[in-house]
Amino acid sequence: MKVVGAACAGDLLSFCTNAARRGVAAWAVTTMNHPRQSRFALLASLTCLTLACGGLLLWTHDGGAALPLAEATPAQANDDGAAGERRDHQRLARTDAAQHVGFYSAAVGSTFEYALKGRFEYSVSHPEGGRQPSGMQVGGAMDVCVADRRDDMILVRVELRDLTLSALIGGGGNDEGGMGNAARKPFHVQLGPDGRVRGYLFGTDLNGQQRNFVRGLFAYYAHTVPADAHGAWQATDVDAAGEFEADFRVVDAHADGQSIERKKQRYTAMAGPELHPHTLSGQSRATFDTAMGWLRAVEVDERTTTKMEELGLEIDLRAVLSIALQKHGEGAPVSVGALWDAAWLPAAGHGEDLTTKDDASERATWTKRLAGQTLVNLIDDLAALLAAAPQDPEAIDRAWQALIWLTKLQPKVAADIQARVNAGMETRLADMLVSALGAAGTEAAQDVLAAMRRDAASTPALRTSATIALFQVAEPSARVLGDLAGDLGRANDLVGDDAMAMLLLGALAPRAADTKIDGRNAFETLLALEGKTVQQDRTDLWLNALANTGTADVLPHAQRYTAHENDRVRAAAYAAARRVDKPAGVALLERGLTDRSADVRVDVVVALGEHRSPAARAALIRAARDDSDATVRRRTLSGLAGFAKKNADARQAIEQMATGDPDADNQKAARTVLDGLR
Amino acid sequence: MFTNLRPVFAAAAVLVSSSLAAQYSRSGSYVRSIGNSWLGGRVSVSAALSTTTSILTTSTTRTSNASLTAAVDGNVLTHGFRAAQLTFSARNSVRIGVGFGAPQSATASFRLQLAGYNVWDRSVTTTGDLGGIPARTYSLFPSDVHADVGVGPFTVRLGGNAGVTLGAGAVVILPTTTPEVRLMLSGTTAVLGRANVSVGVSGFRAGVELQARFAEQRLTVSLIANALSGLSGMCDYQIQAMSLRLIAYLEAFWTRVYSTTLASWASGFVGRDLLNL
């Protein structure tokens with residue numbers, strides 16, 4: 188009896204507050220257009236609100252306790268079209284104990300089923316080469332369910348049901364990147380009370396591109412509209428591409444709802460190291476149903492043109508999308524409490540990691556390209572290209588890439604290459620095959636290279652080739668690292684391949700993650716070799732191996748040798764910072780500019796030339812101007828040339844050397860550099 | 124008392140430190156850039172020979188130096204890298220007369236960098252083969268570099284890598300009792316950069332492929348620096364035409380259905396004697 192009473196009281200409260208809310212909303216709209224009518228609407232609203240409060244008092248007095256939302260009587264989903272929707276909504280509203288203001292006020296459990304249809308036309312253009320168009324059509328259904336509300340947040344569940352992608356013009360293919368499959372998986376979105384997307388929760392198996400595809404589709408749908416929206420306003424918002432500024436305006440307001448137009452003006456943040464020049468045009472229009480408290484329809488016709496000036500390219504995208512409500516009802520209650528505390532991803536997509544290492548689409552592309560090809564075919568192709576005169580480097584590179592991918596895709600190819608190389612073949616062809624193993628970097632390829640390095644029956648050149656090939660490996664295996672550590676531990680004289688092994692260990696150390704070699708990681712293993720190199724008077728080799736790690740971890744160790752008596756060791760100590768393009772790295776190199784030996788300072792300015800920071804640039808300019816040694820000043824030119832195209836100070840330093848350096852050779856060299864920059 | 128000795132000490136100091144120094148040097152260099160930070164690069168090469176004679180009251184020190192650096196820097200999609208570098212330096216210093224330390228000090232070192240990594244590092248203090256590596260091609264980045272940008276729900280994919288060819292070897296002669304450095308060195312490099320720019324989702328892409336072919340250079344060096352007889356030899360440098368090409372393609376069913384060269388930049392062949400003595 189109490190439950191029924193509570194439900195009834197809840198229904199009454201819900202009904203009246205909803206009516207009041209609709210009345211207030213109607214009043215807000217009509218006030219703008221018909222001030223006289225607005226007084227009646229406000230009066231009706233206040234009457235309902237009073238009744239609601241009275242009902243609540245009576246019910247509370249009866250000792251009833253409010254039921255949680257999920258326990259309220261669910262309304263039946265309605266398939267009767269628009270009229271049915273409205274009746275359904277009223278039932279829904281009566282179950283909502285907490286009313287909300289604004290355009291996104293639908294009760295928890297509300298479901299919205301939309302038809303989604305549209306097309307994306309895009310092209311890559313170049314002034315000389317014309318336009319390369321492509322595009323796709325998208326269709327399907329989008330289901331949105333208000334899953335929960337908490338404080339000022341709304342949690343919705345979205346499913347792009349039956350989403351299909353098909354070719355629009357030319358370039359049609361299957362969606363082999365799995366974008367459609369990914370987009371069909373349900374996801375959750377946190378919205379603010381104004382509909383602003385606050386975060387996404389995607390399935391864990393989606394990669395960055397897939398997440399952004401879904402993010403981008405939903406961003407066309409979601410429109411941020413404050414509860415007191417009227418007239419026109421400007422606001423910032425986000426989508427898959429980044430953060431943008433947009434103009435909004437109310438284009439149609441009536442008792443049942445409003446239509447809001449959004450015109451994106453400019454992006455203020457996009458992915459990548461720079462904000463590419465871009466123009467935005469077109470608009471989207473979102474129609475809200477006041478009674479329903481949610482979006483009824485969205486029409487999008489937007490165009491984004493992004494320029495990549497340094498490549499001379501223009502990327503154009505036109506999105507035409509229609510999202511129209513088909514059904515509105517209430518879904519089964521869903522327990523979403525834990526979702527609030529999940530790891531939500533940002534609303535904007537420009538911070539996404541869009542790279543997918545060795546991604547599925549690349550593998551699929553090469554799988555198709557190499558269908559029917561065998562290792563023998565590919566080796567024959569490469570051999571023919573290497574034997575041709577004149578040689579075609581691009582064709583050789585393509586043939587080499589094919590061999591790399593065959594090795595990646597077919598694990599047994601690595602062993603086949605080993606067998607063929609061991610059987611004997613032309614030197615350059617053999618070297619390219621061995622190098623392909625390193626570039627492929629698979630476990631099988633690494634095993635083959637590790638075996639080749641230690642194969643006593645093999646030629647010294649081939650063993651060296653295998654060692655150098657391993658510099659390319661992205662994820663070194665425990666076997667490779669263990670072999671290197673073992674070889675270095677046994678080496679009596681750190682020259683030749685053993686010296687190269689130490690340099691290789693340095694290069695692989697930062698890529699080796701936490702792989703342990705006798706309880707140490709690769710970097711610690713390298714550090715432990717210091718004593719051995721000092722004994723053999725090869726401290727410079729050890730420092731050069733440290734330099735290969737390219738991390739700031741090497742700096743304290745390099746620092747200890749900057750006062751060493753041997754010029755070679757001091758030069759190597761400073762050069763250890765050549766790949767540490769951070770303030771601490773530049774600071775160490777700057778100290779090197781005061782070294783007593785000009786030979787050391789030459790190495791220092793060459794190392795500074797690998798840096799790209801303003802501090803490194805300033806240090807180079809100082810050395811070009813002030814160093815007492817002509818050779819040191821001249822060696823700054825290569826580094827300065829790297830800055831001079833974009834930096835006036837660097838260019839000026841070269842110009843000053845061209846006219847004012849006391850050494851005639853330096854003046855000539857500087858003029859050559861200036862010629863090369865034109 | 125000691126103040127009277129001050130001029131004597133001063134005179135002695137002047138006598139001991141009084142020196143006559145003579146220096147002869149020759150150098151040559153070349154730097155050339157192509158493209159930009161998205162695809163392109165720079166080559167630079169510098170060679171120098173010098174001799175120095177320092178005459179003190181008690182000894183004469185003659186030193187010969189030779190140094191050479193050739194570097195190739197590349198840019199793929201704003202990722203800058205030193206694709207290859209060859210560094211050689213040698214010094215042979217001989218002292219005649221009374222003095223501290225050994226009468227001769229000789230050293231030479233030869234380092235090769237590939238894709239930013241030291242791959243060859245050898246030093247000698249006497250005449251010797253500095254070794255090297257035969258020319259072969261390597262993938263510059265262990266994994267392709269990317270600079271992807273989102274446009275709407277799609278990603279403009281920019282990915283690239285480069286194949287670097289490097290080969291070099293050197294022999295140095297550092298005679299005993301003679302302040303001389305003799306160097307024989309040869310080196311070749313080449314870089315073939317690749318970049319893809321495309322938009323869409325896999326299977327529905329339009330894009331362009333960019334190719335940068337540059338730094339095909341050959342360095343042949345035979346130099347002698349002798350503090351007694353002077354500088355001689357040659358350092359010949361050749362670089363083939365550098366070119367950048369943009370090739371448009373449309374991807375369908377994993378194949379490029381057509382392609383057309385959109386643009387190209389090229390520099391001419393350069394052959395120059397950096398040093399010819």
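Line order of the protein sequences matches chains A and B. With this note's numbering, the residue at position 648 of the first sequence is 835, and numbering never jumps. With this note's numbering, the residue at position 118 of the second sequence is 241, and numbering never jumps. A virtual CB, placed ideally from N, CA and C, is assigned to each residue, including glycine. None of these values were measured; they are calculated from a predicted model.
Proximity of residue i and residue j at Cβ, strictly below 9 Å
i	j	result
Ala506/A	Tyr407/A	yes
Asp750/A	Arg757/A	Reading off the sequence shown, one finds Ala at residue 750/A, where the question assumed Asp. Closer than 9 Å, so yes.
Thr184/B	Ser148/B	no
Ala458/A	Ala428/A	yes
Ser345/B	Met307/B	yes
Tyr261/B	Phe658/A	yes
Thr554/A	Leu596/A	yes
Thr493/A	Lys451/A	no
Ser187/B	Ala350/B	yes
Neighbourhood of residue i by C-beta, 6 Å cutoff - its chain only, sequence neighbours within 5 removed
i	result
Leu508/A	Gly305, Tyr407, Val487
Gln421/A	Asp434
Val217/B	Arg185, Gln227, Pro302
Ala586/A	Asp568, Leu569, Leu572
Chain A contact for residue i (CB, 9 Å cutoff)
i	result
Pro298/B	no
Asn215/B	no
Leu209/B	no
Leu400/B	no
Ser177/B	no
Thr174/B	no
Thr230/B	yes
Ala134/B	Because Ala134/B sits at a pLDDT of 45, beneath the cut-off of 50, its placement in the model cannot be relied upon, and the following sentence gives the value as read from the coordinates. No - not a single Cβ of chain A is within 9 Å of the one on Ala134/B.
Neighbourhood of residue i by C-beta, 7 Å cutoff - its chain only, sequence neighbours within 5 removed
i	result
Asn735/A	Leu690, Gly693, Ala694
Asp335/A	Val295, Leu342, Val523
Ala165/A	Residue 165/A lies beyond the stretch modelled for chain A, which goes from 188 to 865, so this question has no answer here.
Leu616/A	Leu569, Ala570, Leu573
Met366/A	Leu352, Gln397, Phe400
Neighbour flag for residue i against chain B, beta carbons, 9 Å
i	result
Asn708/A	no
Gln396/A	yes
Lys134/A	Any question about residue 134/A goes unanswered here, given that chain A covers just 188 to 865.
Trp587/A	yes
Arg755/A	yes
Phe374/A	no
Asn853/A	yes
Leu691/A	yes
Glu613/A	no
Ile583/A	yes
Phe435/A	no
Met844/A	no
Nearest neighbour of residue i, chosen from the options [CA to CA]
i	options	result
Tyr748/A	Asp740/A, Tyr761/A, Thr738/A, Gly737/A	Tyr761/A
Gly220/B	Ala291/B, Thr288/B, Ser182/B	Ser182/B
Arg821/A	Ser152/B, Asp396/B, Ala207/B, Ala144/B	Ser152/B
Leu347/A	Ser292/A, Val384/A, Gly403/A, Met340/A	Gly403/A
His463/A	Val437/A, Gly499/A, Asp424/A	Gly499/A
Arg650/A	Leu681/A, Pro663/A, Gly669/A, Asp618/A	Asp618/A
Met329/A	Phe307/A, Val401/A, Arg383/A	Val401/A
Leu416/B	Gly255/B, Ser190/B, Val247/B, Gln236/B	No answer is possible for residue 416/B: it lies beyond the span of chain B, which begins at 124 and ends at 400.
Ile178/B	Thr300/B, Ala145/B, Ala207/B, Gly164/B	Ala145/B
Leu394/A	Thr192/B, Ala238/B, Leu342/B, Thr278/B	Residue 394/A is actually Asn in this sequence, not Leu. The shortest Cα separation from Asn394/A among Thr192/B, Ala238/B, Leu342/B, Thr278/B belongs to Thr278/B.
Ala686/A	Asp392/A, Leu355/A, Leu733/A	Leu733/A
Cβ-based neighbour list, residue i, same chain, cut-off 8 Å, excluding 5 preceding and 5 following
i	result
Val268/B	Val199, Leu200, His202, Gly282, Gly283, Asn284
Leu668/A	Leu692, Leu695, Ala699, Thr702, Ile704, Ala709, Thr712
Beta bridge counterpart(s) of residue i as assigned by DSSP
i	result
Met329/A	Tyr301/A, Leu347/A
Phe233/B	Phe211/B, Arg245/B
Gly251/B	Val295/B
Ala440/A	Gln445/A
Arg778/A	None, per the DSSP bridge assignment.
Residue i: CB within 8 Å of a non-hydrogen atom of the ligand NAP
i	result
Ile604/A	Looking for the ligand NAP in the displayed structure turns up nothing, as the structure carries no ligands at all.
Interface flag, residue i vs chain E, CB-CB below 9 Å
i	result
Ala171/B	Absent from the structure: chain E. Protein chains present are A and B.
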